[in-house]
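Written below as structure tokens is the structure these notes are about.
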Amino acid sequence: MSGKFFYQSLKRVINDSVFTVLLFLTFYLPLFAEKKPSYEYYHLGNQVDITSTTQPGIVLMGGGTDVEAAFQWMCELSGNGDFLVIRATGTDAHNPYIQQLCPNSNSVATLIIPTIEAANDEFVVNTINQAEAIWIAGGDQSNYTNYWKGTPVQEALNDRILQGIPIGGMSAGLNVLTSLFILHFLARA
100 MSGKFFYQSL KRVINDSVFT VLLFLTFYLP LFAEKKPSYE YYHLGNQVDI
150 TSTTQPGIVL MGGGTDVEAA FQWMCELSGN GDFLVIRATG TDAHNPYIQQ
200 LCPNSNSVAT LIIPTIEAAN DEFVVNTINQ AEAIWIAGGD QSNYTNYWKG
250 TPVQEALNDR ILQGIPIGGM SAGLNVLTSL FILHFLARA
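Everything in the sequence shown is counted per the working numbering, starting at 100 for the first residue and increasing by one.
Below is the structure:
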């Protein structure tokens, strides 16, 4: 009888232990899981950041077809540094296009900043601060205003303009460039 009792007790302890471990993993493991960033980042070219000598310039492009010469001009003004496309939604479709137009650029990257949380992310701000040219893609300008206004992204973009890098925007990017950034400087004057 004592052997059977011991076996049943051991079985119960093992079952309870397994249940406890599974319960722990179910509820607590997600707390330790790596959190997906609130932004998306796509990069082509050299992974090593460079600092090139830039010249100021601005491209205000209406909607429609991209103007190749405008991107090439921005690449020249960037000293062939790191070209960054920013947007609130969309894809990295500009990366291979710009890389083909500007083969001497150090890199081309797209940073999708779709939330206020993303606009406050240290990686996002550092990426903007390391870019030698910035392009604000088209889309819904209310997303840019709602997500970026009053955040470190707006501050970093304003700082980069003051530091003399080329910057441009198309469609909604043009709109937000003039409304959030250029008007900001006129108000300071």
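C-beta atoms are modelled at their ideal positions from N, C-alpha and C, and glycine is treated no differently.
When the alpha-carbon of THR152 is set against those of SER204, VAL166, TYR140, LEU143, the nearest one is in SER204.
Annotation: the continuous alpha helix (DSSP H) that includes ASP258 extends over 251–261. The residues GLU167, PHE170, GLN171, CYS174, in chain order, have a CB closer than 8 Å to that of LEU200 in the same chain once the five nearest residues on each side in sequence are set aside. Beyond the five residues adjoining it in sequence on each side, VAL224 comes within less than 7 Å, by CB distance, of PRO251, VAL252, ALA255 in the same chain, given in chain order. About 6 Å separates the Cβ atoms of ASP220 and SER137, confirming a contact at the 8 Å cut-off. A Cβ-Cβ contact shorter than 8 Å links LEU276 with LEU159.
With distances taken between CA atoms, ALA271 lies nearest to GLY161 out of GLY161, HIS193, ASN245, ALA192. The Cβ neighbour count for PRO195, taken over all protein chains shown within 10 Å, is under 16; the residue is labelled exposed.
Here the C-alpha atom of LYS103 lies approximately 51 Å from the C-alpha atom of LYS135. Here DSSP, grouped into helix, strand and coil, assigns GLU231 to coil.
Assignment of beta-bridge partners to ILE157 by DSSP yields ILE266.
In the structure shown, TYR138 adopts coil according to DSSP, grouped into three states.
With a cutoff of 8 Å on beta-carbon distance, LEU176 and ALA230 are scored as not near each other. An exposed status is given to THR190, since fewer than 16 other beta-carbon atoms sit within 10 Å of its beta-carbon. When C-alpha distances from ASN179 are compared across ILE212, ARG186, HIS193, ASN145, the shortest belongs to ASN145. In this structure, the straight-line span from the alpha carbon of TRP234 to that of ILE185 is close to 6 Å. Bridge partners of ALA169 according to DSSP: none are assigned. With 16 or more neighbouring CB atoms inside 10 Å of its own CB, ALA208 falls in the buried class.
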